[in-house]
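Undergrad: Under my numbering, the first residue of the sequence shown carries the number 5, and numbering increases by one thereafter.
We put the beta carbon where it would ideally sit given N, CA and C, even for glycine.
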Amino acid sequence: MVHFTAEEKDVVASLWAKMNVEVAGGESLGRFLVVYPWTQRFFYNFANLCSESAIMGNPKVKARGRKVLTSFGNTIKHMDDLKGTFAHLSELHFDKLHVDSENFRLLSNMILIVLQPTSVRNLPKRHRLPGRS
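1. Within this structure, are the beta carbons of residue 53 and residue 37 separated by less than 8 Å?
2. Nearest to residue 93 by alpha carbon, out of 71, 51, 22, 84?
3. Within the stretch 66-121, note down every full alpha helix (DSSP H) run reaching 4 residues or more, in order along the chain.
4. Please state whether DSSP places residue 55 in a helix, a strand or coil.
5. DSSP three-state label for residue 62, please.
6. Taking the alpha-carbon of residue 74 as reference, which of 15, 12, 21 has the nearest alpha-carbon?
7. Would you call the stretch 24-32 in contact with the stretch 53-69, where contact means no fewer than 3 C-beta pairs closer than 8 Å?
8. Grab the span of the alpha helix (DSSP H) containing residue 42 for me, first residue to last.
9. In terms of residues, what are the limits of the alpha helix (DSSP H) holding residue 22?
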């Protein structure tokens with residue numbers, strides 16, 4: 005079980021409030037599909053995913069990315085019960101859609117890459133990379 009301090013909860017809420025879910029969601033999912041092309045099979049109904057520009061410009065990718073980050077944003081209200089909050093999503097993706105849980109780690113890496121340039125100054129010092137301020 006993950007336990008967050010009050011400071012950590014405040015930092016997460018503050019960072020999330022500044023995020024443009026529309027832009028960051030589409031870019032994160034788009035990067036995910038470009039960098040890990042085997043994951044495109046889960047999005048077969050998104051039509052044209054044949055090139056980087058097609059993926060990054062695909063309105064369905066942008067909409068799904070927004071939906072993913074919106075779901076993550078809803079968990080901020082329930083940080084004391086992440087397991088319960090993610091139970092439905094876990095059941096859907098793992099049991100029904102048979103998505104390997106490793107894909108969520110890969111997607112989270114893309115989200116961090118997208119968010120990092122704009123949010124690093126807002127992180128507590130202990131969470132920053134050396135040499136970054």
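TA: In brief:
1. Reading the sequence shown from its first residue, position 49 is the one you call residue 53. Reading the sequence shown from its first residue, position 33 is the one you call residue 37. Yes, Cβ-Cβ distance for residue 53 and residue 37 is below 8 Å.
2. Working through the sequence shown from its first residue, we reach residue 93 at position 89. That would be 71, whose Cα lies nearest to the Cα of residue 93.
3. 86-94
4. Locating residue 55 in the sequence shown gives position 51, counting from the first residue. The answer is coil: DSSP assigns residue 55 none of H, G, I, E or B.
5. Numbered from its first residue, the sequence shown carries residue 62 at position 58. Residue state, collapsed to three classes: coil.
6. Position 70 of the sequence shown, counted from the start, is the residue given in the question as residue 74. Nearest C-alpha to residue 74: 21.
7. yes
8. Looking up residue 42 in the sequence shown gives position 38. Note, residue 42: premise wrong, no alpha helix (DSSP H); not H, not E.
9. On the sequence shown, residue 22 is found 18 positions in, with the first residue counted as 1. From DSSP, residue 22 is part of no alpha helix (DSSP H); its letter is neither H nor E.
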